[in-house]
Amino acid sequence: MNTEARQVVITGTAASDSRRWLALAVLLTGTLLPPLDFFIVNVALPTIRTGLQASSDVSQLVISVYAAAYAVTLILGGRLGDLYGRKRVFIAGMLGFGVASAWCGLAPSSDMLVVGRLLQGISAAIMAPQSLASIHAIFPEREKNRALSLYGATFGLASVGGQLLGGMLVSASPWGLGWRSVFLINLPIIIVAVPAATMLLRESRAERSPRLDVPGALMLAVGLLALVVPLIEGQEHRWPWWCIAPLILSMPLLWAFWQYEKAQERAGRTPLVLPSLLAVRKLRQSLASTFFFYALAAFFLVFAVYEQASLRHDALTAGLAIVPLGIGFFLGPLCSPYIARRIGTRTAAFGMGLEVLGLIMVAALAFAGASSWLALPLFLIGAGQGIALPALVRLNVDHVETRWAGLASGLVSATLQISAAVSVALFGGLFIAIAPDGASAQDVQLGFAVASLAIGASLALAAGLSWRLRES
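Taken in order, the sequence shown gives residues -3 to 468; the numbers are from the numbering used here.
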């Protein structure tokens, strides 16, 4: 590496960079696009089905293939940034996301659209972890809370903006593109963001650059696919054998991966996931809290069904009804740094406490049939999520050295995605058991209330785990 290159590679503690806030805006673009494309496609699915004459199974794959590819590639994506440079990998991931978005927007058939969504999920997982790892690397300690609060607010913007932008694009159909515009809208964003990333981002990577653990990456991908795909598809297909068998095999596959990684580390090589890193008790505890924290992913599903099947609202009204949660999710992270200065690592538990309170209120109002009062508890849920997320992310990443920030961010993001799949399967399944297809409005109301309380219990457990963490 030449002298100039060495000067721009950050390997230890965060280096001062006068352009770091402009760089953050670029990094947050890479944070925004993956969740935005999840929410925006949810809204466009009915039009996609009609336009491509696709079956319900294929339209479900448009969502699940993206989610599965994203979940199983996140740890690999974070590791690539550690090894080959986060700026380089971020730009490569963004370019790949642009190509995949164009593929989806121009897809002539549903099968080609599913392939495009697979590529989108993989490239999103390569791009997204670099944002969090780079924030950890380039911002000094005194500014990390503020930077992470903006990182958290970006998810709130994606949840609201995705639904509203998707509805607007499908309704307006600019240049007659219809549903295709929800994918092609990514292209002008990426055309601006890639040159900005080239100019503004500073390179950071791990001090050593060993070879990528390809066998470990393949073993982890197979194990996670065996876990995540059945959880996504099982409920939809009423748990056929081809969902149950991989789910049973997923634990032995992941155990074999873990044994292989331990052997690699004992031999002095650098595995994909460092077993010694997970020997840190606080990191294990914060990852466990992260897993139970994202049970809220199931709430979006059951709330949409409740709005339409119990309250008889149309899709647009149901989409607008969730906006108070999105507003809270956007504003909550902006308050997180101020709360963190007063209560430190308890910030995550405080935010989750607000979520639990909001979910209890939602359940009570659903039982009472007082849906007109849902805006306040929805706002509390969103604000709590927004306060807790950046604080929980920092709890995880701060337990590792900067050189492993990419790996840690990949672990955090993968934990969130796996949690989403598990919670949708469990709490969505609970809801459907109480209110199956064709259920009365009262049964749907009951199912929604019970599922909300169950999600609240998971968040209470996450809050308890994070509450026990102390300042280092």
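Positions of the beta carbon are idealized from the N, C-alpha and C atoms, including for glycine. These figures come from a predicted structure and were not determined experimentally.
{"Check": "Contact check, Gln126 vs Gly77 under 8 Å by CB: the rounded distance?", "Outcome": "5 Å"}
{"Check": "Is the distance from the Cβ of Asn392 to the Cβ of Leu268 below 8 Å?", "Outcome": "no"}
{"Check": "Please report how far the alpha carbon of Leu180 lies from the alpha carbon of Ala98, in whole angstroms.", "Outcome": "6 Å"}
{"Check": "Helix, strand or coil for Ser200, going by three-state DSSP, please let me know.", "Outcome": "strand"}
{"Check": "Cutting at 8 Å between CB atoms, please list the residues of its own chain near Tyr256, excluding the five before and the five after it.", "Outcome": "Pro211, Gly212, Met215 and Pro267"}
{"Check": "Compute the Euclidean distance between the alpha carbons of Ala129 and Arg82, then round it to the nearest angstrom.", "Outcome": "8 Å"}
{"Check": "In chain order, which continuous runs of the beta strand (DSSP E) of length 3 or greater are located wholly inside the segment 385 to 461?", "Outcome": "none"}
{"Check": "Could you name the residues of the same chain whose beta carbon sits closer than 7 Å to that of Pro386, not counting the 5 residues immediately before and after it, in chain order?", "Outcome": "Leu144, Ser145, Tyr147, Gly148, Pro329 and Ser332"}
{"Check": "Since Val61 and Arg113 should fall inside the 8 Å C-beta cutoff, what is the C-beta to C-beta distance between them, to a whole number of angstroms?", "Outcome": "5 Å"}
{"Check": "Just the Cα atoms here: how many angstroms apart are Phe363 and Ala431?", "Outcome": "14 Å"}
{"Check": "Terminal residues of the continuous alpha helix (DSSP H) containing Ala213?", "Outcome": "Val210 to Glu229"}
{"Check": "Any chance the segment 234 to 243 sits against the segment 271 to 287, with 3 or more Cβ pairs inside 8 Å?", "Outcome": "no"}
{"Check": "Rounded to the nearest angstrom, how far is the Cβ of Leu249 from that of Ala222, given a contact under 8 Å?", "Outcome": "6 Å"}
{"Check": "Report yes if the CB atom of Thr335 is closer than 8 Å to the CB atom of Phe326, and no otherwise.", "Outcome": "Correcting the residue type first, residue 335 is Ile in the shown sequence and not Thr. It is not a contact, given that the beta carbons lie outside the stated cut-off."}
{"Check": "Taking the Cβ atom as the reference point for each residue, do Phe135 and Pro31 lie within a distance shorter than 8 Å?", "Outcome": "no"}
{"Check": "Do you know how far the Cα of Ile187 is from the Cα of Gln49?", "Outcome": "31 Å"}
{"Check": "How far does the alpha helix (DSSP H) with Thr176 in it reach, from first residue to last?", "Outcome": "For the sequence presented, residue 176 should be read as Arg rather than Thr. Run containing Arg176: none; DSSP gives neither H nor E here."}
{"Check": "Assign Met164 to one of two classes, buried (16 or more other C-beta atoms within 10 Å of its C-beta) or exposed (fewer than that).", "Outcome": "exposed"}
{"Check": "Hey, out of Phe35, Leu196 and Ala88, whose CA is closest to Gly158's CA?", "Outcome": "Phe35"}
{"Check": "Kindly list the residues whose CB is nearer than 7 Å to the CB of Leu196, restricted to its own chain and excluding five residues on each side of it in sequence; keep chain order.", "Outcome": "Arg15, Leu18, Ala19 and Val22"}
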